[in-house]
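Structure, as structure tokens:
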Amino acid sequence: MENVLKKKKLEDITLKETITQVIIPTYDINGLFPRIFTTAEAKMDELKNPTLLEVCMSTSAAPTYLPCHELKNYGDSRNLHLIDGGVAANNPTLTAILNEKREMIIRRQFKTEKNKEEESKMLILSLGTGSFKNVGKYDAADVSKWGLFDWIHKNKTSPIIDIFSDASADMVDIHVGTMFQYDHNLHKNRPDKKNYRRKKNYLRIQAQNLTGELRSVDIATEKNLTDLETVGEELLDKRVSRINLKTGEFEEVEKETKGKALSVKFEGLLVKKGTNRHALIKFAKLLSKERKLRQSS
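Final position of the sequence shown in the UniProt record's numbering is 297; the numbers increase by one with none missing.
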């Protein structure tokens, strides 16, 4: 891993030099506490400005796959012993939102829709690495007979780790879904158009129910990488999905687009409305508009 990152010249670039603002979670196994690296903090404090090589080695140090990384003399000259940020934030969406809210308080620089609540000012694009939940795999009758070893290792998996990992990611889905979602059943007698629009500001894209080698994090064969790329391409043309706060399942969204046309043209391509591809195009247009307004001020 270190040699690959060095080839990318990441040992010569520090965190504060990133072109865009980044937020990268890790976990300190010595202090038993999450450590979040951010561009904003690196710019304010040189002692919290490690190289991108160190940050990447820390956040990618998945236990049993890659070694823990020691980051020396960070901040108050402490040594951090860091592993994969997924241990603390398997889905880092909420971490990014909270960090951006703090930055918004500092900057107060949004030019569009000034009077709306903070969630209406945000566009959240959350890209998952794929889900492979086995709903119904465990039940009380079976699990009640397990001992310590069964929880740690059973049928070539680690149930306790899988459960902790899924639960962590699911709680983020629920929290963010609640922040941005509108429940027709709860509000059908008193609709709030602002909240109804707000849910479109959060887009979660993730392949569901991956199987076989596609589930693995350490199979880098040409075939598997090509298959993963195919999954991603197909995902673009699937309908936008949102979490059902009652069941925890992601469900395709019913038609929300205006007009009777089923497709729109974008740079010569015909794009189906309501798909992830269409939603990404709309996000890009809104971001472009915001950037132009900031540059003109």
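All C-beta atoms in this analysis are idealised placements derived from N, C-alpha and C, irrespective of residue type, glycine included.
This structure is a prediction, so every number in the text was calculated from the model and none was measured.
What does a CB cutoff of less than 7 Å around residue i pick up in its chain, not counting 5 residues either side in sequence?
i, result
"L82", "T26, Y27, D28, R35, S58, A61, C68, H69 and L71"
"V231", "A207 and L214"
"Y202", "I124, V176 and F180"
"K16", "T39, A42, K43 and N49"
"residue 298", "In the structure as shown, the chain starts at 1 and stops at 297, and residue 298 therefore has no counterpart that could be examined."
Note down, in chain order, each residue of its chain lying with its Cβ closer than 8 Å to the Cβ of residue i, except the 5 sequence neighbours on either side.
i, result
"D218", "Y65"
"D227", "E213 and L214"
"G248", "D170, D173 and I174"
"Q21", "T38, T39, A40 and E103"
"P63", "I83, D84 and V87"
"N115", "Low confidence applies to N115: its pLDDT is 44, below 50, so where it sits in the model is not reliable, and the reading given next is rough at best. Here the set comprises nothing."
"I97", "M122, I124, V176 and M179"
"T95", "I23, P25, I36 and A89"
"D45", "G75"
"residue 311", "Missing from the structure shown is residue 311; the chain here goes from 1 to 297 and no further."
Buried or exposed: which applies to residue i, given that a residue is buried once 16 or more other Cβ atoms fall within 10 Å of its Cβ?
i, result
"I105", "exposed"
"G136", "exposed"
"L53", "buried"
"H153", "exposed"
"D84", "buried"
"R291", "exposed"
"K277", "One point to set straight first is that residue 277 is Arg, not Lys, in the sequence displayed. Buried: at least 16 other Cβ atoms inside 10 Å."
"R294", "exposed"
"residue 336", "Nothing can be reported for residue 336, as the shown portion of the chain is limited to 1 through 297."
"T221", "exposed"
"T14", "buried"
"T93", "buried"
Give the DSSP bridge partners of residue i, in chain order.
i, result
"T157", "K154"
"Y202", "I124"
"K272", "S263"
"R242", "E251"
Pop quiz: residue i and residue j are said to be a contact at Cβ under 8 Å. What is the actual Cβ separation, rounded to whole angstroms?
i, j, result
"R242", "K199", "7 Å"
"T275", "L236", "7 Å"
"I23", "N99", "5 Å"
"L262", "K272", "6 Å"
"L5", "C56", "5 Å"
"F132", "N209", "6 Å"
Once you ignore the five residues that flank residue i on each side, which residues in its own chain have a CB closer than 6 Å to its CB?
i, result
"E11", "T51 and L53"
"N90", "S165, S168 and A169"
"N32", "Position check: residue 32 holds Leu in this sequence, whereas Asn was assumed. Excluding residues within five positions, none has a Cβ falling inside 6 Å."
"F250", "S241 and I243"
Quiz item: Where in the UniProt domain "PNPLA" (1-97) do unbroken runs of the beta strand (DSSP E), each at least 3 residues long, occur, reported from the N-terminal end onward?
Solution: 23-28, 33-38, 69-74 and 78-84
Quiz item: Can you give, in chain order, each stretch of the alpha helix (DSSP H) that sits fully within the stretch 212-236 and has at least 4 residues?
Solution: 222-236
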